[in-house]
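In my numbering, each residue carries its 1-based index in the sequence shown increased by 18. A virtual CB, placed ideally from N, CA and C, is assigned to each residue, including glycine. All figures in this text were calculated on a predicted structure; none of them were measured in a lab. See structure below.
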Amino acid sequence: RPYLTITAAQDALKLAIITTISSPVQCKGFCYVKQGVYFDEYLINRQYVDMHFEYGAIVISDTDGKPVISDTDGNNEPVNINITGKGQFYHTRYNPQGLDNQAVALSNSDSREFNFEAYEVDGIQIYGGNSITTKINVKNTRIRYTIFVGNKKSIHFEKCTFLSGLDLDNFF
């Protein structure tokens, strides 16, 4: 069923899973995002819902302090993230210093998994001190600016392109 926004589709799918399945932890939904520009969408991911983005699906957050993708959903609940495809993720207020306004921001201290594949992302921020235990995997993605790692955690990159180079000081 088509929805006007990614967030509306995600919320409907999560609600359907929770209300129809006795144990949603064992069930997953799937949201397929067609090409198009999705403006001012933020915190689009939901627990129990995997996402796939067509080439040409461009998702932009224009809200200060709100990333497109985070390891919490719109209700501040921790989520696992499985995003595949060729989407593009940007924040109009991108900050190359890593202080908020990245397209992707991870800070949760609960054990989660972040599996991310996209055509391009403007930046990825990981913060939260040493308490973050999220497993982070990024593959086949062009990273436009920087990866800001505020807690010296490791990220597994597979076949990624760093368009502005990679500052290894962030990782050690």
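ask   = What span of residues does the beta strand (DSSP E) with leucine 9 cover, start to end?
value = Any property of residue 9 remains undetermined from this structure, which presents the chain solely from 19 to 190.
query = Beta-carbon separation of alanine 136 and threonine 159 under 7 Å?
reply = Numbered from its first residue, the sequence shown carries residue 136 at position 118. Numbered from its first residue, the sequence shown carries residue 159 at position 141. Yes, these two residues count as a Cβ contact at 7 Å.
query = Between glycine 47 and valine 77, which are expected to be in contact by the criterion C-beta below 8 Å, what is the C-beta distance as a whole number of angstroms?
reply = Counting from 1 along the sequence shown, the entry for residue 47 is found at position 29. Counting from 1 along the sequence shown, the entry for residue 77 is found at position 59. With 8 Å as the limit, glycine 47 and valine 77 do not qualify as a contact, their Cβ atoms being about 18 Å apart.
message = Tell me the DSSP secondary structure of isoleucine 76 in three-state form.
response = For the purposes of this step, residue 76 is taken as residue 58 along the sequence shown, with counting starting at 1. The answer is strand: DSSP assigns isoleucine 76 an E or B state.
ask   = What did DSSP end up calling lysine 32 once you bin it into helix, strand or coil?
value = As a position in the sequence shown, residue 32 is number 14, starting the count at 1. Lysine 32: helix per DSSP, three-state reduction.
message = Quick check on serine 88: buried or exposed, where buried means 16 or more other Cβ atoms within 10 Å of its Cβ?
response = Reading the sequence shown from its first residue, position 70 is the one you call residue 88. Label assigned to serine 88: buried.
Identity of the residue in Glu72, His174 and Tyr60 nearest leucine 49 by Cα = As a first step, residue 49 must be located in the sequence shown, where it is residue number 31. Before going on, a small fix: residue 49 reads as cysteine here, not leucine. If we check each option's Cα against that of cysteine 49, Glu72 comes out closest.
request  = Verify whether the separation of the beta carbon atoms of aspartate 80 and tyrosine 112 is less than 7 Å.
outcome  = Along the sequence shown, read from residue 1 onward, the residue named residue 80 stands at position 62. Along the sequence shown, read from residue 1 onward, the residue named residue 112 stands at position 94. It is not a contact, given that the beta carbons lie outside the stated cut-off.
ask   = For the beta strand (DSSP E) that contains glutamine 143, what are its first and last residues?
value = Working through the sequence shown from its first residue, we reach residue 143 at position 125. Run containing glutamine 143: 142-144, per the beta strand (DSSP E) assignment.
query = Where does arginine 162 land, buried or exposed, given buried means 16+ other C-beta within 10 angstroms?
reply = Start at 1 with the first residue of the sequence shown, and residue 162 comes out as number 144. With 16 or more Cβ atoms within 10 Å of its Cβ, arginine 162 is classed as buried.
key: Alpha-carbon spacing of tyrosine 145 relative to glycine 54, whole angstroms   = Position 127 of the sequence shown holds residue 145. Position 36 of the sequence shown holds residue 54. Straight-line Cα distance between these residues: approximately 31 Å.
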